[in-house]
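Below is one structure; the comments refer to it alone.
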Amino acid sequence: MKLKKYLNIYILGVIGSVILIISEFFSWFTDYSLIERYVIYSSVAIEDSFLYLFPLMSGIICLIASSLVIYKIELKIKCVIIFFVGLGFMIIFFIDYITQEINFISNPGIGFYLGVIGFLLILFNIINILITIEKQMDGN
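Rendered as structure tokens:
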């Protein structure tokens, strides 16, 4: 019973990471997905082309951290640090990309919503991990 509750709580990180990875392949503010924009911008050698891979990298980093938390519970503190590194990429992407596309902010695509939902699920997972760490420290 406790294992089932444990997996239900920490599976949010996996779901959020997968949603973040999937958001890479849907349109955000234009008709192109982020992976298509990366290919287009890297073919004409625009220096910001790597920015469009940040949701994919963030999702992969957070998926690794989520898998480590589920696999070995003792790695919770280290995984929170990995989560923050992954979310750092996503925050940089949000700040830079949304300021570039501010004209189109009223017409977001499904990728934008998936990216925000994935980001929030991962953030909620981090909060849950930190709360359980605090409860374990108070219990000892």
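All residue numbers for the sequence shown refer to numbering that gives the first Met the number 0, where the first residue is 0 and numbers rise by one.
Idealized CB from N, CA, C, for every residue including glycine.
Query raised in the report: What are the start and end residues of each continuous beta strand (DSSP E) run of 3 or more residues lying completely inside the segment 52-93, in chain order?
Result: Those beta strand (DSSP E) runs which fall completely within the segment 52-93 and span 3+ residues do not exist here.
Requested in this report: Alpha carbon to alpha carbon, how far is S42 from F49? Give it in angstroms, no decimals.
Outcome: Going by the C-alpha atoms only, they are around 12 Å apart.
Report task. Assign S105 to one of three DSSP states: helix, strand, or coil. Result -> In the displayed model, S105 falls within coil according to three-state DSSP, outside both helix and strand.
Report task. For S16, write down the residues that DSSP places opposite it in a beta bridge. Result -> Looking at the DSSP assignment, S16 forms no beta bridge with any residue, so it has no partner.
Query raised in the report: Going by other Cβ atoms of all chains shown within 10 Å of its Cβ, with 16 needed for buried, is Y70 buried or exposed?
Result: Exposed, by the Cβ-count rule.
**Report entry** Option nearest P54 by Cα separation, candidates N106, F92, R36 and A44
**Finding:** The residue with the shortest Cα to Cα distance from P54 is F92.
Requested in this report: State whether the segment 113-120 contacts the segment 8-28, with contact taken as three or more CB pairs (one from each stretch) at a distance under 8 Å.
Outcome: The segment 113-120 and the segment 8-28 touch, with no fewer than 3 CB-CB distances between them shorter than 8 Å.
Requested in this report: Mind the definition here: the segment 18-32 touches the segment 126-136 only if three or more C-beta pairs lie below 8 Å; say whether that holds.
Outcome: Taking 8 Å as the limit for Cβ pairs, the verdict is that the segment 126-136 does not touch the segment 18-32.
Query - Cutoff 7 Å; reference P107; Cβ partners in own chain excluding five residues on either side - result: These residues qualify, in order along the chain: W27 and F28.
Report task. For S105, count neighbouring C-beta atoms within 10 Å of its own C-beta (all shown protein chains included) and say buried if the count is 16 or more, exposed if not. Result -> It is exposed - the Cβ of S105 has fewer than 16 other Cβ atoms within 10 Å.
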